[in-house]
Each structure stands twice: as C-alpha cells, then as structure tokens.
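Student:
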Amino acid sequence: MPLALYTVILTQIHSSNKVVQIFGTINMSVYSSQRIALIGLGTIGISMAALHLSRESNIVDVFDTRPDFEQYIHKTLPIYMSELPSPNTDPRSSPESQPSTSLVASLVSSGRLRIHSTLESACASATIVQEQGPENVDWKQTTWTRIEAVAPSSAHFWTSTSGIAASIQQAKMQDKSRLLVVHPFNPPNIMPLLEIVPAPETSAERVEFAREYFSLPGSRHRPVVIRKEIPGFVGNRLAFALLREACYLVQEDVVDAKDLDTILMASLGPRWAGNGVFESYQYGGGEGGISSFLNKLGGTMQTIWDGQGRINVEGDERTEWKEKVIAQVNEAYGTVSAEQIQIKEARLKDIIGIQMKDYNRHGPEV
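Per numbering that gives the first Met the number 0, the sequence shown runs over residues 0 to 365.
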C-alpha cells in the first residue's frame, strides 16, 4: 500500500529573522515514533543504534549472534551515544562526562532499547529493519528472506552494506519494493554522509521516507539519494580513484607517501571541505564559471587524464606498488594508537562543526 503523504507548512528562520513559509509534500510518518530493528551491531550497527536512540520517541530492538552481545552493548553503546551532540550542542565539543553503562540499563528499563536473542523477535514489531551483517551475498539474501517472513508488511528495509547492491540482496524477496541501501561513511559516528541507494524495483515512497527520516530537524546527517546502482556507490568511487593515483605517484617516485598527504591536507582537503568539487571549479572559472575553467584548462586536464596511472590491487600485473606504499606509510605513521585515532576524530569534528554552521544556516533543500 502506498505510504500516506501529506502537504504541510514548514517554517525556516533565516538570519534576517524573517519567517518564510515553505510548502512541501512531507511524509508525516517520519515525524512519528519509529520502532527500529537493528540486525548486526558492529561499528556501523552500534553507531546506528546510538543515532536512532538519540530521538526520544524511538524504540530500538537489537540482535547480534555474538555470545557476549548483552555485555558488549552495555560497554560500547554509551561511548557512541556520547558522540551524538544534541541539536543545540557544538558538534566539535568533546564530552567531559561520557554516558556510563547505567545509560543502557535506563534505556532497557524504559523499554526504549530491547535486546533480543533471535532475529525473529527483534523484527516482529518493526517499522524499520536495518541490517549491518557480513558482506556476503548468500548471507544477506537469506537474512532478508527471514526478515520478510516475520516483519510487518509495512516495515521499511534498509541495508548498510558497503558494496552489495540492493537489487542483488532482494533477489529472493517476495516484495522487492521495500529494500534500499543506507550507506554511512566511516567513521559512521562522526561523518555526516549517508548514501541512499535504491534498486530499480524500490518504491519511490520508501526512498523518500529514508531521505526524510535522516533530514529531520536536528539530524547531524546529510542524506543523498544515489540515482542508480553502481559498484562502490559514489563516495568510495571518488576515494578509490584518488587513492589509485596517489599510489601510482608514490610508485613512480614522484612524491613519497607522507609528502603526498601533506599536499592533500594543504590544498584539496580544505578546499573541498569548504565547497566541494564542482562548486570549487565554478568559482575557479571566475565570471564564466566552470565553463570558462574547462575552456581555459581543458588541454591541461586532458593531458593529465591521459597520463594517469594504471595499477592493480589484485592479480599478477601492476601490483608492485603495494610494497613501496605499505613501507612508506608504515615508516611515516607507524602503528596506529588509540591516541592517534582520538586526535584524528577531534580534527574531523572541528571540520564538520565548521561545515554544519553553514549547512544549518542555509538548510537542506526541501
């Protein structure tokens, strides 16, 4: 049955303090309390549990096959809950007092967090089922068949896969319109991006529900609907394209690994964090925008594109770069410590905090 859609009036307060009424078609059910079943509570799953629980009206059911699951939840969930600032909190701040394990006990006693010993009981009353299991096609297809058999017929099905398309996962399902990908970017407890990737058979209403759910006021996420399935989605394709050229440049002794990182952090990193790729080149072209930029530098761009490196990660050919890159990265950075991870995450929070000030001021498109 199609989801009920209603026309509502949204108000947006601009910096001028004028109130502008925006008419839009909004799926009212995203504003209702949700009952979310999370299947698989690794790094991504526990991050999503914290996110869903940060909305006080939600109930979250969790299931994982690990033998120490309940103890793991009590120990780990408070750490991820502490990473989620409230809408009025500076996202760059590091909490002075992290939620203790008593937080989980409180959530359980209130009925907002329910720890299950079977997948079937976790999904039985769900409005949303979100899966974060192994990256294995057979496992995912079998799991979705089991979920479909017990979850309410109206429930939304989301997979947090890193690369297995929804169209592959839904192959054995009866109703293929319910499943789509909700792919977070690592580390998922900090990074705002969520790639929403439907299969051709996913219904438009279910895609819009997912987008609106992660766009609610106070959400720290920036959901983007990917219009067609493609391996790696979009974020990873861009990241791996850059990584390939970086490895090629190190292999050819153009630059070493540490200096390459310096180049990125001192140029493209801050530029793209501020404006993104296309917006940057629109500005770079001056009054003529990106059209002028391409006309002026098209020849240079083509020469560089034609000369970009071709290397492989697997196979017997063009893999000699790996030993050199690994050795240089290990020499530059050594074994990653917990302190280094904290420093990196603090830096990410600073950057995202600055971004969010501008993003919240202008607001996502309705």
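The beta-carbon is built from N, C-alpha and C at its ideal position, and this holds for glycine as well.
Just so we're clear, the structure is a prediction, and the values are computed from it rather than from any experiment.
Just the Cα atoms here: how many angstroms apart are V180 and L241?
Tutor: Cα-Cα distance, rounded: 24 angstroms.
Student: For L106 and P216, what's the separation of their Cα atoms in angstroms?
Tutor: Using only the alpha carbons, I get a separation of about 23 angstroms.
Student: Considering only residues of the same chain and omitting the five flanking positions on each side of E319, which have a CB-CB separation below 8 angstroms?
Tutor: The answer, listed in chain order, is Q250.
Student: Cutting at 6 angstroms between CB atoms, please list the residues of its own chain near I78, excluding the five before and the five after it.
Tutor: So the list is empty, once near-sequence residues are dropped.
Student: To the nearest angstrom, how far is the alpha carbon of V223 from that of S53?
Tutor: Taking the straight line from one Cα to the other gives about 21 angstroms.
Student: Count the other CB atoms within 10 Å of the CB of Q131; is the residue buried (16 or more) or exposed (fewer)?
Tutor: Under this definition Q131 is a buried residue.
Student: Three-state secondary structure (DSSP) at D349?
Tutor: If DSSP states are grouped into helix, strand and coil, D349 belongs with the helices.
Student: In terms of alpha-carbon separation, which member of E119, P187, K175 lies closest to V149?
Tutor: That would be E119, whose Cα lies nearest to the Cα of V149.
Student: Mind reading off the beta-carbon distance from W143 to F156? Whole number of angstroms is fine, and I expect it under 8 angstroms.
Tutor: Yes, they are in contact, since the Cβ atoms of W143 and F156 sit about 7 angstroms apart, within 8 angstroms.
Student: Hey, out of Y247, E200, D67, I114, whose CA is closest to N311's CA?
Tutor: Residue Y247 is the option with its Cα nearest to N311.
Student: For G287, collect the residues of the same chain with a Cβ closer than 8 angstroms to its Cβ; drop the 5 residues on either side in sequence, then sort them by chain order.
Tutor: Here the set comprises N294.
Student: Does the Cβ-Cβ distance between G44 and P133 come in under 9 angstroms?
Tutor: The answer is no: Cβ separation not under 9 angstroms.
Student: According to the neighbour-count rule (16 or more other Cβ atoms, all chains shown, within 10 Å of its Cβ), is Q129 buried or exposed?
Tutor: Classification for Q129: buried.
Student: Assuming contact is defined by CB atoms lying nearer than 9 angstroms, are A198 and S166 in contact in what I supplied?
Tutor: The answer is yes: Cβ separation under 9 angstroms.
Student: Compute the distance between the beta-carbons of P151 and E344, then report whether it is under 9 angstroms.
Tutor: Result no, Cβ atoms of P151 and E344 do not sit closer than 9 angstroms.
Student: Excluding the 5 residues flanking I189 on each side, which residues of the same chain have their C-beta closer than 8 angstroms to its C-beta?
Tutor: E82, E344, L347, K348, I351, listed in sequence order.
Student: Once DSSP output is grouped into helix, strand and coil, what is the label at G23?
Tutor: Because G23 sits at a pLDDT of 37, beneath the cut-off of 50, its placement in the model cannot be relied upon, and the following sentence gives the value as read from the coordinates. It is a strand residue.
Student: When DSSP labels each residue in this structure, what does I114 get in the three-state scheme?
Tutor: If DSSP states are grouped into helix, strand and coil, I114 belongs with the strands.
Student: For V59, does the count of other Cβ atoms within 10 angstroms reach 16, so buried, or fall short, so exposed?
Tutor: So V59 counts as buried.
Student: Can you tell me which of the three DSSP states I43 falls into?
Tutor: It is helical.
Student: Could you compute how far the alpha carbon of S291 sits from the alpha carbon of P269?
Tutor: Approximately 23 angstroms between the Cα atoms of the pair.
Student: Which class does E344 belong to by DSSP, given the choice of helix, strand or coil?
Tutor: Helix at E344.
Student: Answer with buried or exposed for Y282, where buried requires no fewer than 16 other C-beta atoms within 10 angstroms of its C-beta.
Tutor: With fewer than 16 Cβ atoms within 10 Å of its Cβ, Y282 is classed as exposed.
Student: Spatial neighbours of M172 within its chain, please: C-beta separation below 7 angstroms, excluding the five flanking residues on both sides.
Tutor: Within the same chain, M172 has close Cβ partners W143, T144, E147, L178.
Student: What are the boundary residues of the beta strand (DSSP E) that includes P197?
Tutor: From DSSP, the beta strand (DSSP E) with P197 extends over 192-197.
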